[in-house]
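What follows is a set of notes on a single structure, which appears directly below.
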Amino acid sequence: MSSEDVKAPSRRSLLTAATAAVLLAAVVVGYGFVNRAQSKQEVEDWTAAASVPTVALAQSIPQSPTQTLTLPGNIQPFNRAEIFARVNGYLKSWDHDIGSQVKSGEVLATIDAPDLDQQLGQAKATLASVRANHQIASLTASRNNILLQKQIVAQQLADQTTADEKAKEAVVDANEANVRQLEAMQSFKTLAAPFDGVVTARNVELGMLINSGGSGQPLFEVSDLHRIRLYVQVPQSFSAALTVGMKAKFGMPQYPGVQFDATLSHISKAINQASHSMQVELQADNADGKFFGGSYCIVHFEIPTDANLVKIPSTALVTGNQGTQVATIDGNNKVVFKRVQLGRDLGDSVEVLAGLSPSDRIIDNPPETLTTGDAVRVAGATPQSAGVVSRASTARH
1 MSSEDVKAPS
11 RRSLLTAATA
21 AVLLAAVVVG
31 YGFVNRAQSK
41 QEVEDWTAAA
51 SVPTVALAQS
61 IPQSPTQTLT
71 LPGNIQPFNR
81 AEIFARVNGY
91 LKSWDHDIGS
101 QVKSGEVLAT
111 IDAPDLDQQL
121 GQAKATLASV
131 RANHQIASLT
141 ASRNNILLQK
151 QIVAQQLADQ
161 TTADEKAKEA
171 VVDANEANVR
181 QLEAMQSFKT
191 LAAPFDGVVT
201 ARNVELGMLI
211 NSGGSGQPLF
221 EVSDLHRIRL
231 YVQVPQSFSA
241 ALTVGMKAKF
251 GMPQYPGVQF
261 DATLSHISKA
271 INQASHSMQV
281 ELQADNADGK
291 FFGGSYCIVH
301 FEIPTDANLV
311 KIPSTALVTG
321 NQGTQVATID
331 GNNKVVFKRV
341 QLGRDLGDSV
351 EVLAGLSPSD
361 RIIDNPPETL
371 TTGDAVRVAG
381 ATPQSAGVVS
391 RASTARH
């Protein structure tokens, strides 16, 4: 074919082709701008999502219907008496040493009191003398009364002898009372056990000088250990949960792993101003004689759990200028800090008495930069960052 047979494209065809090219280029450029704008928005969304902190929720610690309150206690005998002397003298003999079982009224020791013996002898002699004087006065008054009826003596003389007889009778009564008092003091020369029990202290020796009164050291101590009393100081915050008749357990160092039963018998209903605690008394049987006065014990109370009490991990607490707080998440995944009142510190967990409810979502180990109103993401939620990154990478390519 010669060059003359090839027709040159018309001007209209060239114009149409150019227009199509321009439109194609515009479409390509527009698509590029739209794709880049969409990728930029996705990157911004991913960046915003990545800036929201992810937090973990504290695992709730289930509560039992009761909680154990463990406190130290002090064991005392059911009855305890310190025996003092009522008379002065010297110890003549003693019959029971520490650890001896004694019955009520059984003799513990005898005191030799010669001064008291002499006083009693003198009082008896005086009583005999005044009785003789009273007898003479009584006979004289009787005779004068007879003579008065015969009008042999004057009325005044009869009255005088009658009055003298009554005066001497009063003197006899006074001396008889003095003798009875000294005889009663004589009975105190013998020290006796006031009740059935055990001699837990003896502070006398033969020939020791004994002084009457209760200001010094007791001569003997007798303890009734058939039952024991346990005294416990209960913190004020738990005092309202205790009631008379409540059962408890207690253990002692000399019996490891063994728990004994006790019953709450008395509540003092008075708070100690120094320790802010209240003394309570428990009682327990001691038929086997295992418990001794003055012993240390650990008492375990089972008290009802407060329905509003919440137990949380210690790592959920936030301490600062605002006091002790806990970071929670509301329904919009926004942070809310709540002030709380703490109860017992159990080491890895604490009891919250007020400020939280069991339905609150609590943040564990909250970041220091977290403030009220911040949006957070709960760990374990479905992440959106992977899809955003994939689409952004495609756009760049």
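Numbering (the UniProt record's numbering), first residue to last: 1 to 397.
Ideal Cβ positions, reconstructed from N, Cα and C, are used throughout, including at glycine.
From a predicted model like this one, the values you see are computed outputs, not experimental measurements.
- Bridge pairing for Val232: Gly73, Val280 [DSSP].
- When rounded, the separation of the alpha-carbon atoms in Ser359 and Val280 is 36 Å.
- In this structure Pro65 is exposed. Its beta-carbon is surrounded by fewer than 16 other beta-carbon atoms within 10 angstroms.
- Residue pairing for Tyr255: DSSP places it in no beta bridge.
- Straight through space, the alpha carbons of Ala113 and Gln122 are spaced by roughly 15 Å.
- Counting along the chain, no beta strand (DSSP E) covers Leu309, and no H or E run does either.
- For Leu342, the secondary structure class from DSSP, reduced to helix, strand or coil, is strand.
- For Phe188, the secondary structure class from DSSP, reduced to helix, strand or coil, is coil.
- The C-alpha of Ala307 lies about 27 Å from the C-alpha of Ser265.
- The residues Phe78, Arg227, Ile228, Arg229, Leu230, Ala262, Thr263, Ser265, in chain order, have a CB closer than 8 Å to that of Gln283 in the same chain once the five nearest residues on each side in sequence are set aside.
- For Lys334, there is no enclosing alpha helix (DSSP H), as DSSP marks it with neither H nor E.
- Setting aside the 5 residues that flank it on each side, Leu147 is surrounded in the same chain by Val153, each with a C-beta closer than 7 Å to its C-beta; the list follows chain order.
- Within the same chain, Cβ atoms closer than 6 Å to the Cβ of Met208 are found at Leu91, the five residues on either side in sequence being excluded.
- In this structure, the alpha-carbon of Thr324 lies about 12 Å from that of Val350.
- Counting of Cβ neighbours within 10 angstroms places Gln76 among the buried residues, the total reaching 16 or more.
- If you draw a straight line from the Cα of Leu356 to the Cα of Met278, it comes to about 28 Å.
- When the beta-carbon positions are compared, Val179 and Leu116 stay at least 8 Å from each other.
- Around the Cβ of His276, a 10 Å sphere holds fewer than 16 other Cβ atoms; the residue is exposed.
- Considering only Thr19, Asn133, Phe291, Val244, the residue with the shortest C-alpha distance to Thr200 is Phe291.
- Within the same chain, and ignoring the five residues on either side of Asn203 in sequence, the residues whose Cβ sits closer than 8 Å to its Cβ are Gln217, Pro218, Leu219, Phe220.
- Contact fails between the segment 292-303 and the segment 326-340, because fewer than three Cβ pairs, one in each stretch, are under 8 Å apart.
- By the Cβ-count criterion, Thr16 is exposed, with fewer than 16 other Cβ atoms from all chains shown falling within 10 Å of its own Cβ.
- Residue range 114-149 is occupied by the alpha helix (DSSP H) that includes Lys124.
- With 16 or more neighbouring CB atoms inside 10 Å of its own CB, Glu165 falls in the buried class.
- An exposed status is given to Gln155, since fewer than 16 other beta-carbon atoms sit within 10 Å of its beta-carbon.
- DSSP links Asn79 through a beta bridge to Asp224.
- In the DSSP annotation of this structure, the continuous segment of the beta strand (DSSP E) that includes Ala262 starts and ends at 260-271.
- In the structure shown, Lys290 adopts coil according to DSSP, grouped into three states.
- Lys168 carries a helical assignment under DSSP once its states are collapsed to helix, strand and coil.
- Taking every protein chain shown into account, the CB of Ile210 has 16 or more other CB atoms within 10 angstroms, so this residue is buried.
- DSSP, read as helix, strand or coil, puts Ser93 in strand.
- A direct Cα-to-Cα measurement between Gln341 and Val244 gives close to 28 Å.
- Between Ala109 and the set Ala192, Thr68, Ala241, the nearest pair of CA atoms involves Ala192.
- Rounded to the nearest whole angstrom, the CA to CA distance from Asn272 to Gly251 is 25 Å.
- Pairing Gln322 with Ser60, the inter-Cα distance amounts to about 24 Å.
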